[in-house]
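One structure is given below, encoded as C-alpha cells.
There are 2 protein chains.
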Amino acid sequence: MSKAVVLLSGGMDSSTVLALALSQGFRCFALGLDYGQRHRSELTAARKVSAILGAEEYRVMKIPIGTLGGSALTDEGIKLPRQGEKGIPVTYVPARNTVFLALSLAWAEILRADTIFIGVNAVDYSGYPDCRPEFVDAFQALARLATKEAVEGRPVRIEAPLVRMTKAEIIQAGLALGVDYGLTVSCYQADELGRACGYCDACGLRRAGFIAAGVDDPTRYQST
Amino acid sequence: MSKAVVLLSGGMDSSTVLALALSQGFRCFALGLDYGQRHRSELTAARKVSAILGAEEYRVMKIPIGTLGGSALTDEGIKLPRQGEKGIPVTYVPARNTVFLALSLAWAEILRADTIFIGVNAVDYSGYPDCRPEFVDAFQALARLATKEAVEGRPVRIEAPLVRMTKAEIIQAGLALGVDYGLTVSCYQADELGRACGYCDACGLRRAGFIAAGVDDPTRYQST
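Rendered as C-alpha cells:
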C-alpha cells in the first residue's frame, strides 16, 4: 500500500480529502499545522476526524508564521471580515499553503510517501492566491526538483482533488464516504468546543454549501 | 531603499550573500532557522555576522523538520560522512531549502520586501538537489503565484548570487566586501565555541576554498 501525507486542518475540505485518500487505498499520515491560528479548536477537530476516518498517524507541527503577523487569523488586532467582502480577505495568511506544502514535502520524503493531498478549492474559495490550480501545479514542478527522492526517480505527486469542485459537490462526496461533518470545524473564530460563530466568511461558505447540497447542516453554532 | 530577506545560516556562503545584498543597497532582514541541527553554534555565528555587517534585524525561526529525522545533521544516530563520499550525502535534510524559502516568502510578504537572497551554490556544493539553479527557478515560478503581493503585481524576486560561483570566487567576493570569515561557521559538528572539526564534508570544501583563493584560512579548529 502506498503512503500519503494529507494536510488536515479539521475543516470540511481537508476532512473530505482524507476520506478520499483513504478510499483510494492510501495509508494516510495526517498533518496538522499549529501556526497560532485563533480557531485552535480546528486542531482538536482534526485529531478526532483523523482517528475516526482511520489515518495511520496525526501529527501537529508548530510553525512560527503566526508570530510574523499580517493576518486576521493570527492577529487578534485585525478584525475578521463578515461575509461577502471583495478581494483577497484579511484572513489571508502570508504564504501559508507554500509553507504547509513545504513541510508536507519534508515529511513525505522521510516516510517515503508518494503522494501529498491538499484540500485547496478554487471554486468556492475566498480569493486566496495559494488555493488556485496554477499554484498547485507550480508546487508540483518544484517538488520534482527539490528532494533526494525526486532526483532518484521518485518525485512526490501533489493531489488537490477538490480544486475544481463546488462546496456542494465536496459535501456530497464526503457524505458518500461517511464523513461526519458535525465533527469538522470551519469557522475562523470557533469556540473551544468547536462551535461556529455563524457569520464569518468561512461559516457563510459552509452554510451555503449545505443548502446547495440539499442536506441538513450538522454544524454546531455558538448561539444555539 | 528596498528591503530584502536574507537566509543566513552563519556559514561562509550566506554571510557573503548578506554582504552582497547590503552592498547593493538593500535593507536586510536576516533569517536564521533553528531546525534542530547539531551545529547549533552556526546560529550564534549568524547573529554576530548579521550585527557586524549591518543587517536591520536577525530573526531565528524554530521549525520542526529536525524532529522528523532522516538526516545526519539532525539525528545524532546517523554518522557524519568524511570528505569525498559520492552521491547525495547523509547530511541532506529533506526539503530543507523548500521549507526555508517558504518561510522567507511569508516574512518577505509581511515586510513588503521585494527580494529574497539565498546562498545556494551548485559548483562546490555537496550534491544537494535543492542547491541547483533549476530548483531556485522553480521556486521563483511558485513565488509569482503564491502570495497576495504577487497577485497584486509585486512578486518577490529570488536571488541566488553564488549559484554558479566557486568557493574561491565566493571567498574573494566576500573579502572584498569586508566579510570576516573567522566569524563564520561551516562545520557540521562545530563545538559550542564555533570551532571546526576539520574533517567533515563542509570543512573540506571550506579549506579547499581558502587554498584555491590563495588566502589565509581564518577558521578556528578544535585541535589547534
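Chains B and S are the protein sequences, given in the same order.
When we follow our numbering, the leftmost residue of the first sequence carries the number 1, and every step to the right adds one.
When we follow our numbering, the leftmost residue of the second sequence carries the number 1001, and every step to the right adds one.
Yeah, the Cβ is synthetic: ideal placement off N, Cα and C, and Gly gets one too.
Quick caveat: nothing in here was measured; it's all calculated off a predicted structure.
>> Let's test the definition: count the other Cβ atoms within 10 Å of the Cβ of T147 (chain B) and tell me whether it reaches 16, buried, or not, exposed.
In response: buried
> E1159 (chain S): which of S:I1088, S:L1145 and S:I1116 sits nearest, CA to CA?
Replying inline: It is S:I1116.
> I think Y35 (chain B) touches I63 (chain B), with their Cβ atoms under 8 Å apart; what is that distance to the nearest whole Å?
Replying inline: The Cβ separation is near 5 Å, so the contact holds.
>> What does the Cβ neighbour count give for G231 (chain B), buried or exposed, with the cut at 16 atoms within 10 Å?
In response: Here chain B has residues from 1 to 224 only, and residue 231 (chain B) is not among them.
>> Can you check which of these residues, S:Q1172, S:A1113 and S:D1191, is closest to S1223 (chain S) by C-alpha distance?
In response: S:D1191
>> Taking the beta carbon of K1079 (chain S) as the centre, do at least 16 other beta carbons fall within 10 Å, making it buried, or is it exposed?
In response: Classification for K1079 (chain S): exposed.
>> Please tell me whether T1074 (chain S) has its Cβ less than 8 Å away from any Cβ of chain B.
In response: no
>> I'd like to know if D1130 (chain S) contacts chain B, where contact means its C-beta is closer than 8 Å to some C-beta of that chain.
In response: yes
> Which residues does DSSP pair with F1029 (chain S) in a beta bridge?
Replying inline: Bridge partners of F1029 (chain S): S:V1005 and S:E1057.
>> Out of S:P1081, S:D1180 and S:R1027, which one is the CA nearest neighbour of Y1058 (chain S)?
In response: S:R1027
>> So, with DSSP's three-state summary, where would you put D75 (chain B)?
In response: coil
> Within 10 angstroms of its Cβ, does P74 (chain B) collect 16 or more other Cβ (buried), or is it exposed?
Replying inline: Correcting the residue type first, residue 74 (chain B) is Thr in the shown sequence and not Pro. Looking at its Cβ environment, which holds 16 or more other Cβ atoms inside 10 Å, T74 (chain B) is buried.
> Taking the Cβ atom as the reference point for each residue, do T1098 (chain S) and L142 (chain B) lie within a distance shorter than 8 Å?
Replying inline: yes
>> I want to see whether chain S comes within less than 8 Å of P64 (chain B), judged by CB atoms only; does it?
In response: So yes, P64 (chain B) belongs to the interface.
>> Relative to the C-alpha of P1133 (chain S), which candidate in S:V1120, S:G1127 and S:L1145 has its C-alpha closest?
In response: S:V1120
> Between the beta-carbon of I110 (chain B) and the beta-carbon of P1161 (chain S), is there less than 8 Å?
Replying inline: no
>> Along the segment 1032 to 1066 of chain S, where does the CB come closer than 7 Å to a CB of chain B? Name the residues.
In response: Answer in chain order: M1061, K1062, I1063, P1064 and I1065.
> Cβ of L177 (chain B) within 8 Å of Cβ of S14 (chain B)?
Replying inline: For L177 (chain B) and S14 (chain B), no; Cβs fall outside 8 Å.
>> In whole angstroms, give me the CA-to-CA distance for L18 (chain B) and G70 (chain B).
In response: 29 Å
> Taking just the CA atoms, how far does G54 (chain B) sit from T1166 (chain S)?
Replying inline: Answer to the nearest angstrom: the Cα atoms are 51 Å apart.
> In this structure, what does DSSP give as the bridge partners for I158 (chain B)?
Replying inline: B:I116
>> Please classify P1218 (chain S) as buried or exposed, where buried requires at least 16 neighbouring CB atoms within 10 angstroms.
In response: exposed
>> Within the continuous alpha helix (DSSP H) that includes V1017 (chain S), where are the two ends?
In response: M1012 to S1023
> Which whole runs of the beta strand (DSSP E) in the segment 1129 to 1196 of chain S are 3 residues long or more, in chain order?
Replying inline: 1157 to 1159
> Interface residues of chain B around T1147 (chain S) at Cβ under 7 Å?
Replying inline: Listed along chain B are P94, A95 and P129, each with a C-beta nearer than 7 Å to that of T1147 (chain S).
> Do you know offhand how far A1106 (chain S)'s Cα is from W107 (chain B)'s?
Replying inline: Straight-line Cα distance between these residues: approximately 20 Å.
>> Below 7 Å on C-beta distance, what does F139 (chain B) contact in chain S?
In response: L1142
> Hey, A46 (chain B) and L8 (chain B) are a contact pair by Cβ (cut 8 Å); roughly how many whole angstroms apart?
Replying inline: 5 Å
> Span of the alpha helix (DSSP H) holding N97 (chain B)?
Replying inline: R96 to L111
> Is the Cβ of E169 (chain B) closer than 8 Å to any Cβ of chain S?
Replying inline: Cβ-Cβ to chain S under 8 Å: no for E169 (chain B).
> Measuring CA to CA, which of S:I1118, S:G1025, S:A1150 and S:R1157 is closest to R1164 (chain S)?
Replying inline: The residue with the shortest Cα to Cα distance from R1164 (chain S) is S:I1118.
> What does F135 (chain B) reach in chain S if we use C-beta pairs closer than 7 Å?
Replying inline: The contacting residues are L1145 and A1146.
> What three-state label does DSSP hand D34 (chain B) in the structure shown?
Replying inline: strand
> Looking at chain S, which residues of the segment 104 to 125 of chain B have a Cβ within less than 7 Å of any of its Cβ atoms?
Replying inline: From the segment 104 to 125 of chain B, only L105, A106, W107, E109 and I110 have a Cβ closer than 7 Å to chain S.
>> Quick check on the burial criterion: 16 or more other C-beta atoms within 10 angstroms. Buried or exposed for T16 (chain B)?
In response: buried
> Comparing the C-beta of G98 (chain B) with each C-beta of chain S, is any distance below 8 Å?
Replying inline: Rather than Gly, the amino acid found at residue 98 (chain B) in this sequence is Thr. Answer yes: the Cβ-Cβ gap between T98 (chain B) and chain S drops below 8 Å somewhere.
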